């Protein structure tokens, strides 16, 4: 459901719930009424125990209930259909682990029949590792900081390359992602710039996705590293959507 680093961050900040609201811009002005688009609930260990999905009208569509085993790993995730009114089970996913760091993920449909089952590998953090047929190589500088990473397809041809740039304090300043086609390299497909305060805490991130000219975004963060808001801009640098996150704490 999310990486262990997110879990630790949420537990440290003592977050109980996160509500996500979306506001639209019209002729450069922000709508006064936002729509609730997502809601997450966490236990005191930082595990996500409930995930709610809302429609464009702000009405609850689906509710996921997530359960964990004694080692803090996801064991069951059940999705209930809130649109039907009877909270019937829409789908269910089970996670079963062995002693070789493998996890068997089984997906069931609303009739309780198996739709898909696969055996995947977990890394040392307990996160699922997906084999997508790529071989990746990472280079580091003398301080042990990642400076670039390249991924190759099954034929040994480069598919993507990511460059990492740092400021004089050693803080990550810019991430640039390139994609490659048979004719050569394309312009940067993705650029992310991080902005820090005087204490080295990320306060803002700027993302520019070249393939989608309407996906330029600015993200703003709180001192605990949690996202406060983000704004999406169109190709003319005009705001399209504003997203706000509201937190409830233990």
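Residue numbers (the numbering used here): 168 to 417.
Even for Gly, the Cβ is constructed at its ideal location relative to N, Cα and C.
Being a predicted model, the structure only gives us computed values, none of them experimental.
- Under the DSSP assignment, residue 266 falls outside any beta strand (DSSP E); it carries neither an H nor an E label.
- About 6 angstroms separates the Cβ atoms of residue 326 and residue 319, confirming a contact at the 8 angstroms cut-off.
- Taken through DSSP and simplified to helix, strand or coil, residue 173 comes out as helix.
- In the DSSP annotation of this structure, the continuous segment of the beta strand (DSSP E) that includes residue 328 starts and ends at 325 to 333.
- Unbroken beta strand (DSSP E) stretches of 3 residues or longer found wholly inside the region 221 to 267: 227 to 235, 241 to 248, 255 to 264, given in chain order.
- For residue 273, the closest C-alpha among the options 265, 279, 285 is that of 285.
- With respect to residue 386, residue 394 sits close: the two C-beta atoms are nearer than 8 angstroms.
- Residue 406 is positioned such that its CB atom lies closer than 8 angstroms to that of residue 192.
- DSSP, reduced to helix, strand and coil, places residue 312 outside both helices and strands of the structure shown, so it counts as coil.
- If you check the CB distance, residue 358 and residue 343 come in under 8 angstroms.
- When secondary structure is reduced to three states using DSSP, residue 181 falls in the coil class, being assigned neither helix nor strand.
- In this structure, DSSP gives residue 205 an extended state, which the three-state scheme calls strand.
- Taking all protein chains shown into account, residue 310 has fewer than 16 neighbouring C-beta atoms within 10 Å of its C-beta and is therefore exposed.
- The C-beta separation of residue 225 from residue 203 comes to about 5 angstroms, placing the pair in contact by the 8 angstroms criterion.
- According to DSSP, residue pairing for residue 343 in a beta bridge involves 330, 358.
- Non-local C-beta neighbours of residue 374 in its own chain, meaning closer than 6 angstroms and more than five positions away in sequence, comprise 359, 384, ordered along the chain.
- Contact between residue 315 and residue 333 is absent: CB atoms are separated by about 12 angstroms, not below the 8 angstroms threshold.
- When DSSP reads this structure, residue 219 sits in a beta bridge with 206, 230.
- For residue 405, the three-state secondary structure derived from DSSP is coil.
- Sequence-distant partners of residue 271 (beyond 5 residues in either direction) whose C-beta falls short of 6 angstroms from its own C-beta, in its chain, are 263, 286.
- In the DSSP assignment, residue 304 is bridged to 317.
- Residue 237 has its alpha-carbon roughly 28 angstroms from the corresponding atom of residue 254.
- Taking all protein chains shown into account, residue 413 has fewer than 16 neighbouring C-beta atoms within 10 Å of its C-beta and is therefore exposed.
- In the three-state reduction of the DSSP assignment, residue 383 falls in the strand class.
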